[in-house]
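Notes follow once the structure below has been shown.
2 protein chains.
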Amino acid sequence: MSRKIDAIDRQLLAILQDNAEVPLAELAARVHLSATPCWRRVQRLEEEGFITRRVALLDPAMLNVAVTVFVSIKTSRHSQGWFEQFSATVAAIPEVVEFYRMSGDIDYLLRVVVPDIAAYDRVYKKLIAEADLSDISSSFAMELIKCTTALPLDYV
Amino acid sequence: MSRKIDAIDRQLLAILQDNAEVPLAELAARVHLSATPCWRRVQRLEEEGFITRRVALLDPAMLNVAVTVFVSIKTSRHSQGWFEQFSATVAAIPEVVEFYRMSGDIDYLLRVVVPDIAAYDRVYKKLIAEADLSDISSSFAMELIKCTTALPLDYV
DNA sequence: TTTGAAAAGTTGCGCCC
DNA sequence: GGGCGCAACTTTTCAAA
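Chains as they are written, first to last, in my numbering: chain E, 1 to 156; chain X, 1001 to 1156.
In structure tokens:
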């Protein structure tokens, strides 16, 4: 199970999930520690799996993928083999950035990023070609109000 | 407008959005360049806004927020003032990690991360308290199949 | 055991070609 | 685009608490 984390660890996680570029010396100063103990805490947070990786975030508009579409899928197939095949092929599509198996009346929910409606239609056709889906419905996002990789730290 | 990017820039973006920790020397080797021109390209990709930031990604399970809920909201209020007030308060909730204004029959879509159903209910109550919403419906994710911060680079 | 200072080793950055 | 050197940073060691 998830080990006990104190207030300083939580501060370190908050800083690093906002900006992984802050130098160790500044990180240490911000949590009122000197370099060594601060470095060891960060090291431990990585070893224990709280920090999984450090990545560069890119600008969707600059990469020409400013349009996000949510795709709700219902299927009639529910075997394990079908699911594994379906998940693998859909997860391999680079435009699919999120992919969930859902409860309730829709079976799967995807978030897809594309440049425009025409490009979305090509992804859509790929989806219906890959697997026999009983129903698929697309909702377009008009405006991105918030999208963060920063998780809430209040529950740990 | 988005400037012209060549194959090497695309490779650099692909590597860095997967792992921002690769040292410059290795990065240069992977794209068959020496350190200096490689460093200049990365610098330029940052200046021009392709790379927006570098962050640490944390493990949702370790942070006790393994449950993700999609919240579909319909409202009867559509004035600019109401929207600004509503967006600001909802975006300020740390459990809300994504927040879109949608086309079609639902007005807003949120992705919320919480430890369990009880915690979700507290977020739900906060949402309905903040703003008069004509309809709100919650769908729980049973399984996360894919969730990546890596955007497709084929359209740039 | 945990801490901080300071040494040792990497890496990033800028000048030059 | 590449070579080299200085500066900055990370990581280890070590003595003290």
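Think of the CB as a built atom: it goes at the ideal place given N, C-alpha and C, for glycine as much as any other residue.
Amino acids of chain E, ordered along the chain, whose beta-carbon sits closer than 7 Å to that of residue i
{"i": "Gly1049(X)", "result": "Asp59 and Met62"}
{"i": "Glu1098(X)", "result": "Lys146 and Cys147"}
Assigned secondary structure, residue i (DSSP; H/G/I helix, E/B strand, else coil)
{"i": "Leu1033(X)", "result": "coil"}
{"i": "Val1093(X)", "result": "In the sequence as presented, Val is not what sits at residue 1093(X); that position holds Ile. Here Ile1093(X) sits in coil by DSSP."}
{"i": "Lys1074(X)", "result": "strand"}
{"i": "Val1113(X)", "result": "strand"}
{"i": "Ala1056(X)", "result": "strand"}
{"i": "Glu1026(X)", "result": "helix"}
{"i": "Val65(E)", "result": "coil"}
{"i": "Phe1086(X)", "result": "helix"}
{"i": "Ile5(E)", "result": "coil"}
{"i": "Ile15(E)", "result": "helix"}
{"i": "Glu1098(X)", "result": "strand"}
Partners in chain X for residue i, counting only beta-carbon separations shorter than 7 Å
{"i": "Glu21(E)", "result": "Arg1054"}
{"i": "Tyr120(E)", "result": "The premise fails here: Tyr120(E) is roughly 12 Å from chain X at the closest Cβ pair, so nothing lies under 7 Å."}
Closest Cα partner of residue i within the set the options
{"i": "Glu84(E)", "options": "Ala131(E), Cys147(E) and Asp116(E)", "result": "Ala131(E)"}
{"i": "Asp1116(X)", "options": "Ile8(E), Val156(E), His32(E) and Arg30(E)", "result": "Val156(E)"}
{"i": "Lys1004(X)", "options": "Arg1030(X), Leu1016(X), Pro1023(X) and Arg1041(X)", "result": "Arg1041(X)"}
{"i": "Met1102(X)", "options": "Arg77(E), Asn64(E), Asp135(E) and Glu143(E)", "result": "Glu143(E)"}
{"i": "Leu1016(X)", "options": "Asn1064(X), Ile1145(X), Val1090(X) and Thr1052(X)", "result": "Thr1052(X)"}
{"i": "Ala1118(X)", "options": "Val1069(X), Gln1080(X) and Trp1039(X)", "result": "Val1069(X)"}
{"i": "Ile106(E)", "options": "Ala91(E), Arg77(E) and Thr89(E)", "result": "Arg77(E)"}
{"i": "Ser1186(X)", "options": "Val1071(X), Pro1094(X), Thr1149(X) and Thr1075(X)", "result": "A question about residue 1186(X) goes unanswered here, because the residues of chain X that appear run from 1001 up to 1156."}
{"i": "Val114(E)", "options": "Ile128(E), Leu127(E), His32(E) and Val96(E)", "result": "Val96(E)"}
{"i": "Ile1136(X)", "options": "Phe1099(X), Val1090(X) and Lys1074(X)", "result": "Lys1074(X)"}
{"i": "Tyr108(E)", "options": "Ser1034(X), Pro1023(X) and Lys1146(X)", "result": "Lys1146(X)"}
{"i": "Val112(E)", "options": "Leu1127(X), Ala1150(X) and Arg1122(X)", "result": "Ala1150(X)"}
{"i": "Pro94(E)", "options": "Val1065(X), Asp1154(X) and Ile1093(X)", "result": "Asp1154(X)"}
{"i": "Gly104(E)", "options": "Val1090(X), Phe1140(X), Ala1091(X) and Tyr1124(X)", "result": "Phe1140(X)"}
{"i": "Ala129(E)", "options": "Leu110(E), Val90(E) and Pro152(E)", "result": "Val90(E)"}
{"i": "Ala92(E)", "options": "Thr1148(X), Ala1035(X) and Ala1025(X)", "result": "Thr1148(X)"}
{"i": "Leu133(E)", "options": "Trp82(E), Pro60(E), Leu63(E) and Gln43(E)", "result": "Trp82(E)"}
{"i": "Asp121(E)", "options": "Arg30(E), Val67(E), Asp6(E) and Gln80(E)", "result": "Val67(E)"}
{"i": "Phe1050(X)", "options": "Gln80(E), Leu63(E) and Gln43(E)", "result": "Leu63(E)"}
{"i": "His1032(X)", "options": "Ala1007(X), Asp1059(X), Ala1020(X) and Lys1126(X)", "result": "Ala1007(X)"}
{"i": "Ala1056(X)", "options": "Asp9(E), Asp18(E) and Ala25(E)", "result": "Asp18(E)"}
beta-carbon residue i near the ligand NAP non-hydrogen atom, thresh 7 Å
{"i": "Arg77(E)", "result": "Inclusion of the ligand NAP in the displayed structure is not the case, the ligand content being empty and no account of it being possible."}
Amino acids of chain E, ordered along the chain, whose beta-carbon sits closer than 8 Å to that of residue i
{"i": "Glu1095(X)", "result": "Pro152"}
Proximal residues of chain X, C-beta to C-beta of residue i below 8 Å
{"i": "Ala91(E)", "result": "Ile1145 and Lys1146"}
{"i": "Tyr155(E)", "result": "Leu1063, Asn1064, Val1065, Val1114, Pro1115 and Ala1119"}
Q: Determine which residues of the segment 1134-1147 of chain X have a Cβ less than 8 Å from any Cβ of chain E, and write them out in chain order.
A: Look at the segment 1134-1147 of chain X: the residues with a C-beta under 8 Å from a C-beta of chain E are Ser1139, Phe1140, Ala1141, Met1142, Glu1143, Leu1144, Ile1145, Lys1146 and Cys1147.
Q: Identify each residue in the segment 1101-1112 of chain X for which the Cβ-Cβ distance to at least one residue of chain E is less than 9 Å, and report them in chain order.
A: Result list: Arg1101, Met1102, Ser1103, Gly1104, Asp1105, Ile1106, Tyr1108, Leu1109, Leu1110 and Arg1111.
Q | Chain-ordered residues of the segment 6-35 of chain E with a beta carbon less than 8 Å from chain X | A | If the cut-off is 8 Å between Cβ atoms, the segment 6-35 of chain E has Leu13, Leu16, Gln17, Asp18, Asn19, Ala20 and Glu21 near chain X.
Q | Runs of beta strand (DSSP E) lying entirely within the segment 1120-1146 of chain X, each at least 3 residues, in chain order | A | Whole beta strand (DSSP E) segments, 3+ residues: zero.
(Q) Along the segment 1072-1085 of chain X, where does the CB come closer than 8 Å to a CB of chain E? Name the residues. (A) Within the segment 1072-1085 of chain X, no residue has its Cβ closer than 8 Å to any Cβ of chain E.
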